[in-house]
Amino acid sequence: MIDVEHRALGALEHDGAAISEKVPHQLRGVADVRLEPGEWLFREGAPAWFYVLLEGRLRIVLDVHGMQTEFAEYEFKPGDFLGEVPLLMGTPMFGSLRAQTSCRIARLDKQQFHRLIRDSKEARTLILETLGERLLLIQQRSLSLPTARVHIFGRNRDQDCHNIREFLSANRIPYEWVDRDVYPDRVPGGLSDDPDCPGVSVDGHLFSEPPTTREIAEALQLQTKPNHDSYDVVIVGAGPAGRARGDRGGVGLREAAGR
Numbered sequence: 001m002i003d004v005e006h007r008a009l010g011a012l013e014h015d016g017a018a019i020s021e022k023v024p025h026q027l028r029g030v031a032d033v034r035l036e037p038g039e040w041l042f043r044e045g046a047p048a049w050f051y052v053l054l055e056g057r058l059r060i061v062l063d064v065h066g067m068q069t070e071f072a073e074y075e076f077k078p079g080d081f082l083g084e085v086p087l088l089m090g091t092p093m094f095g096s097l098r099a100q101t102s103c104r105i106a107r108l109d110k111q112q113f114h115r116l117i118r119d120s121k122e123a124r125t126l127i128l129e130t131l132g133e134r135l136l137l138i139q140q141r142s143l144s145l146p147t148a149r150v151h152i153f154g155r156n157r158d159q160d161c162h163n164i165r166e167f168l169s170a171n172r173i174p175y176e177w178v179d180r181d182v183y184p185d186r187v188p189g190g191l192s193d194d195p196d197c198p199g200v201s202v203d204g205h206l207f208s209e210p211p212t213t214r215e216i217a218e219a220l221q222l223q224t225k226p227n228h229d230s231y232d233v234v235i236v237g238a239g240p241a242g243r244a245r246g247d248r249g250g251v252g253l254r255e256a257a258g259r
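Quick note: the sequence shown uses our numbering, first residue 1, plus one each step.
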């Protein structure tokens, strides 16, 4: 589990190349967070904090239509900071952040963050400049993402179509519905001629026969089998906020989360 020790960070003067060098006295007395490789600093939907990476490497992981996707181009190195966007916009964390190596991070709460940008012109300028750049990156990334991973080609009266759409909606997986009667030109080749046989495509792969919901879940890389025989805590209805709460659960508890 994450080891968080609240103590003075007197060594910040020689850590990092950005804020950690420019305004060390404003960062003393904040939380000192230690992570091992593979551990999460936070998950999507978690409350916003401001972080300064002192040691190690962190990478952003986003939920792209139900698939946990790492973005190597969004990797943080010593001296980098993050969390200013949700703090200034009053939102939870937009994505998740996972340690690639052993990490040491300074963590500031909302009050400490606002005190930092109030008292340090240098920090305020750097943070606001970076804020503008990151908002542009968020916009570009949003425009580049696919609108849906799943395409369903069928008819409204088809019960199989209804079951598949209900399953995807329950798991908050965006899909595109193509009515075969209205848009016959969009029906891909190789699909069954049976008018009551729905076609399903996941990430460009077209099922030759109507898939079961389990087959769709496996194609989407959703977890369909438990990792353990028993659990201490089960969280039902675990979207991003539920998973974030689970990550802040008790130390040593074996937890399972499902939507």
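Using N, Cα and C, we set each Cβ at its ideal position, and we do this for glycine too.
Margin query: Restricting to Cα atoms, I'd like to know which of Ile60, Val178, Leu97, Phe94 is closest to Ser201.
Written below: Val178
Notebook entry, point to check: If you draw a straight line from the alpha carbon of Val61 to that of Gln68, how long is it in whole angstroms?
Noted result: 6 Å
Check: Beta-carbon separation of Phe113 and Leu136 under 8 Å?
Finding: no
Notebook entry, point to check: Rounded to the nearest angstrom, how far is the Cβ of Leu131 from that of Glu84, given a contact under 8 Å?
Noted result: 6 Å
Notebook entry, point to check: For Gly154, does the three-state DSSP call read helix, strand or coil?
Noted result: strand
Note to self: For Thr212 and Ser169, what's the separation of their Cα atoms in angstroms?
What the structure shows: 15 Å
Next item on the list: Please classify Pro198: is it buried, with 16 or more other beta-carbons within 10 angstroms of its beta-carbon, or exposed?
Entry: buried
Next item on the list: With Val187 as the anchor, note down where its beta strand (DSSP E) starts and where it stops.
Entry: Per DSSP, Val187 belongs to no beta strand (DSSP E) and is neither H nor E.
Check: Comparing alpha-carbon positions, which option in Ser120, Asp203, Gln159 lies nearest His151?
Finding: Asp203
Check: In its own chain, which residues sit with a C-beta less than 6 Å from the C-beta of Leu108, not counting the 5 before and 5 after it?
Finding: Val30, Phe50
Note to self: Can you tell me where the alpha helix (DSSP H) holding Ile216 begins and where it ends?
What the structure shows: 213 to 219
Next item on the list: Name the two residues that bound the continuous alpha helix (DSSP H) containing Glu55.
Entry: Where Glu55 is concerned, there is no enclosing alpha helix (DSSP H), although the beta strand (DSSP E) it sits in stretches over 50 to 55.
Item checked: Presumed contact (8 Å Cβ cut-off) between Ser102 and Leu35, rounded CB distance -> 7 Å
Check: Quick one, are the C-beta atoms of Gly95 and Leu53 less than 8 Å apart?
Finding: no
Check: Where does Leu87 sit, in a helix, a strand or coil, going by DSSP?
Finding: helix
Checklist line | Helix, strand or coil at Arg104 [DSSP, three-state] | finding: strand
Note to self: Please state whether the Cβ-Cβ distance between Asp32 and Arg98 is less than 8 Å.
What the structure shows: no
Notebook entry, point to check: Going by alpha carbons, who is nearest to Pro37 out of Asp232, Leu58, Ala48?
Noted result: Leu58
Next item on the list: For the beta strand (DSSP E) containing Ile235, list its first residue and its last residue.
Entry: 233 to 236
Notebook entry, point to check: Which residues in the same chain have their Cβ closer than 6 Å to the Cβ of Phe71, if we skip the five residues on either side of it in sequence?
Noted result: Ile60
Item checked: Contact check, Thr91 vs Ala48, beta carbons under 8 Å -> yes
Margin query: Per DSSP, what are the beta-bridge partners of Thr130 in this structure?
Written below: None, per the DSSP bridge assignment.
Next item on the list: Along the beta strand (DSSP E) that carries Phe42, what are the first and last residues, could you check?
Entry: 40 to 42
Item checked: Span separating the alpha-carbon of Glu75 from that of Gln100 -> 9 Å
Item checked: Among Glu176, Glu73, Ser208, nearest to Gly189 - alpha-carbon criterion -> Ser208
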